[in-house]
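To keep things clear, I will list the structure first and then write my remarks on it.
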């Protein structure tokens with residue numbers, strides 16, 4: 687049986703969390719600045735690494751930014767790498783950064 691994976695927004699904590707069977711397995715931290723989500727850090731707990739959860743998390747966070755009409759500043763190296771690998775998100779990047 688496969689684990690239940692869910693990404694949830696936690697605006698009060700300025701982050702997106704990825705849950706595996708209801709347990710927080712990782713997060714993508716951001717801060718808001720002038721209509722942009724500035725991603726500062728992404729982390730997946732060691733015991734959950736190697737399952738593609740980081741990409742799933744960041745993809746969902748970027749989808750959330752798009753839905754909210756926000757641009758993105760990828761200060762986090764993982765978010766920047768993900769956007770380079772997935773050109774469908776490049777239009778979200780705030781050129782003023």
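Residue numbers (the numbering used here): 687 to 783. For every residue, glycine included, the Cβ atom is placed at its ideal position computed from N, Cα and C.
#1: Can you check whether the CB of residue 702 is closer than 7 Å to the CB of residue 747?
#2: Where in the segment 691 to 758 do unbroken runs of the alpha helix (DSSP H), each at least 4 residues long, occur, reported from the N-terminal end onward?
#3: Give the C-beta separation of residue 724 and residue 761 to the nearest angstrom, bearing in mind that I take them to be a contact with Cβ-Cβ under 8 Å.
#4: Return the chain-ordered list of same chain residues with a C-beta closer than 8 Å to the C-beta of residue 728, the five sequence neighbours on each side being excluded.
#5: Have a look at residue 735 and residue 770 and give me their C-alpha separation to the nearest angstrom.
#6: Is it buried or exposed, residue 754, if we count other Cβ atoms within 10 angstroms and call 16 or more buried?
#7: Of all the options 732, 718, 759 and 706, which has the alpha carbon lying nearest to the alpha carbon of residue 699?
#8: Which term fits residue 751, buried or exposed, when burial requires 16 or more other beta carbons within 10 angstroms of its beta carbon?
#9: Between residue 731 and the rest of its own chain, which residues show a CB-CB distance below 7 Å, the 5 nearest in sequence each way excluded?
Taking the geometry as given:
#1: The count along the chain shown starts at 1 and reaches residue 747 at position 61. The count along the chain shown starts at 1 and reaches residue 702 at position 16. Yes. Within cutoff.
#2: Fully enclosed alpha helix (DSSP H) runs of 4 or longer: 739 to 753.
#3: Residue 724 sits at position 38 when you count from the first residue of the chain shown. Residue 761 sits at position 75 when you count from the first residue of the chain shown. Correct: roughly 6 Å between the Cβ atoms.
#4: Position 42 of the chain shown, counted from the start, is the residue given in the question as residue 728. Within its own chain, the residues whose Cβ lies closer than 8 Å to the Cβ of residue 728, once the five positions on either side in sequence are excluded, are 712, 713, 714, 715, 740, 743, 744, 762, 764 and 765, listed in chain order.
#5: Translated into positions along the chain shown, residue 735 becomes position 49. Translated into positions along the chain shown, residue 770 becomes position 84. Those two C-alpha atoms are separated by around 21 Å.
#6: Taking the first residue of the chain shown as position 1, residue 754 is located at position 68. With fewer than 16 other Cβ atoms within 10 Å, it is exposed.
#7: For the purposes of this step, residue 699 is taken as the residue at position 13 of the chain shown. 718 is the residue among 732, 718, 759 and 706 whose C-alpha sits nearest the C-alpha of residue 699.
#8: For this step, residue 751 is matched to residue 65 along the chain shown. With 16 or more neighbouring CB atoms inside 10 Å of its own CB, residue 751 falls in the buried class.
#9: On the chain shown, residue 731 is found 45 positions in, with the first residue counted as 1. Excluding positions up to five away in sequence, the list reads 711 and 712.
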